[in-house]
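Under our numbering, think of the first position of the sequence shown as 13, with each following residue one higher.
We put the CB at the ideal spot given by N, CA and C, even for glycine.
The structure presented is a predicted model; accordingly, all values stated were derived computationally and were not measured.
Please read the structure below before turning to the comments.
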Amino acid sequence: MLVVRQFVLAAFAAFMIGSVVGPAPAQAQDFTPTRFSVEVRGAGPDVILIPGLGSSRDVWAAEAEALVATHRVHLVQVAGFAGQPVGVPAGEVIAPLVEELARYIEANDIERPAVIGHSMGGFSGLMLARRHPESVGRLMIVDSLPFFSAMFGPQITAAAVEPQARMMRDQISAMDDAAFAAQQAGGVRRLVKTEARQGEVVAWSIASDRATFAQAMYEVMTTDMRPEVAAVTAPITVVYAYDPAMGPEAMVDGLYRGGYASAPNVNFTRIDGAFHFVMFDQPAAFRAAVAAFLR
Numbered sequence: 013m014l015v016v017r018q019f020v021l022a023a024f025a026a027f028m029i030g031s032v033v034g035p036a037p038a039q040a041q042d043f044t045p046t047r048f049s050v051e052v053r054g055a056g057p058d059v060i061l062i063p064g065l066g067s068s069r070d071v072w073a074a075e076a077e078a079l080v081a082t083h084r085v086h087l088v089q090v091a092g093f094a095g096q097p098v099g100v101p102a103g104e105v106i107a108p109l110v111e112e113l114a115r116y117i118e119a120n121d122i123e124r125p126a127v128i129g130h131s132m133g134g135f136s137g138l139m140l141a142r143r144h145p146e147s148v149g150r151l152m153i154v155d156s157l158p159f160f161s162a163m164f165g166p167q168i169t170a171a172a173v174e175p176q177a178r179m180m181r182d183q184i185s186a187m188d189d190a191a192f193a194a195q196q197a198g199g200v201r202r203l204v205k206t207e208a209r210q211g212e213v214v215a216w217s218i219a220s221d222r223a224t225f226a227q228a229m230y231e232v233m234t235t236d237m238r239p240e241v242a243a244v245t246a247p248i249t250v251v252y253a254y255d256p257a258m259g260p261e262a263m264v265d266g267l268y269r270g271g272y273a274s275a276p277n278v279n280f281t282r283i284d285g286a287f288h289f290v291m292f293d294q295p296a297a298f299r300a301a302v303a304a305f306l307r
């Protein structure tokens, strides 16, 4: 377990420190979100795609291209990430994002959509399904845990990790641009195996608003959703990466399966030969997992 924990923590710490708009929804929208923007493409059953910490909606480009012939795809871009304007005062990031997602779904009469989220996007999807069960028909969580800081050990609590998370948040916020860029470039190799996609991920994080990035990281580290997993009624599919660099298979399997063990309706898909950005490292396998989820 130590090897797994060291690998994932190193990747996380290094990453944190270290259009065309398609047709509008059929119903008139009477709510304009401030925490995110949306590109809507295609027609059919609704799928909402949420990117992760510091990422662009372009992380879903291949999936969206594959889905638009059969689905109406809502590509979310979180405000403050990947060069997008912040648009709101400083403060909490994830909980207000979740509330606005619920309002967007309601305002546009979207009936129980499929929600797919990567990393922080998966965590946000879990919170959305728990707090607004009417807003989520089914949920795919891609390489994300209900409490990230469980990586520090099975007995860790949000209160125990809060001082360290606060210190990391403050360090990131104070870091100059050159130091932050160097951290991102150094850490991306633990997040993306595919060298051709590494620069893309680094560029997104560098272009993100630093305070928003740091605050969102802090919230991921200090928010423990494990006690609430059992109350999520939407079916959950957890897709997670595995590579021998992470350590023994059983340890990685146990980490993800244990985190969601109390969910009443959950299944797991492990994709081998990938790091955190599964969709970049194993695109065919990931696309197959999305297709199976939506069937």
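Query: Supposed close pair PRO112, PHE48 - CB separation, criterion 8 Å; Result: Here the sequence assigns Glu to residue 112, which means Pro is not the residue at that position. Between PHE48 and GLU112 the Cβ distance is about 7 Å, and since that is below 8 Å, they are a contact.
Query: Touching by the beta-carbon criterion (3+ pairs, under 8 Å), the stretch 101-108 and the stretch 266-278; Result: no
Query: Sequence-distant residues of its chain with Cβ nearer than 8 Å to VAL204 (five each side left out); Result: GLN210, VAL213, PHE287, HIS288, PHE289, PHE292, ASP293
Query: Three-state secondary structure assigned by DSSP to LEU306; Result: helix
Query: Beta-carbon gap between HIS144 and PRO63 smaller than 8 Å; Result: no
Query: Assigned exposure category for GLU231 - 16 Cβ within 10 Å defines buried; Result: buried
Query: The stretch 48-62 contacting the stretch 73-91, beta-carbon criterion three pairs below 8 Å; Result: yes
Query: Bounding residues of the beta strand (DSSP E) (the contiguous stretch that carries THR281); Result: 278-284
Query: 6 Å Cβ shell around PHE305 - same chain, five flanking residues per side excluded; Result: MET152, THR249
Query: Proximity winner among ALA162, PRO57, GLY137, GLN89, relative to TRP72 (alpha-carbon distances); Result: GLN89
Query: Cβ-Cβ distance between GLN196 and SER217 below 8 Å; Result: yes
Query: Reference ILE122, options ALA215, GLY270, PRO57, closest by Cα; Result: PRO57
Query: Assigned exposure category for PRO158 - 16 Cβ within 10 Å defines buried; Result: buried
Query: Beta-carbon spacing of ALA246, GLY149 below 8 Å; Result: yes
Query: Residue span of the alpha helix (DSSP H) that contains ARG115, given as start and end; Result: 106-119
Query: Anticipated Cβ contact below 8 Å, ALA162 with ILE168, distance rounded; Result: 6 Å
Query: With 16 other Cβ atoms within 10 Å as the buried cut-off, status of GLY256; Result: A quick correction: the sequence has Pro, not Gly, at residue 256. With fewer than 16 Cβ atoms within 10 Å of its Cβ, PRO256 is classed as exposed.
Query: Buried or exposed (CB count within 10 angstroms, at least 16 for buried), GLY95; Result: exposed
Query: Whole-Å CB distance - VAL251 paired with ALA301, under 8 Å assumed; Result: 5 Å
Query: Cβ-Cβ distance between GLY259 and ARG238 below 8 Å; Result: no
Query: Contacting residues, own chain, Cβ-Cβ under 7 Å from ALA228 (five flanking each side not counted); Result: LEU65, VAL105, ILE106, MET132
Query: Own chain partners of ALA78 with C-beta closer than 7 Å, once the 5 adjacent residues on each side are dropped; Result: ARG299
Query: Helix, strand or coil at VAL98 [DSSP, three-state]; Result: coil
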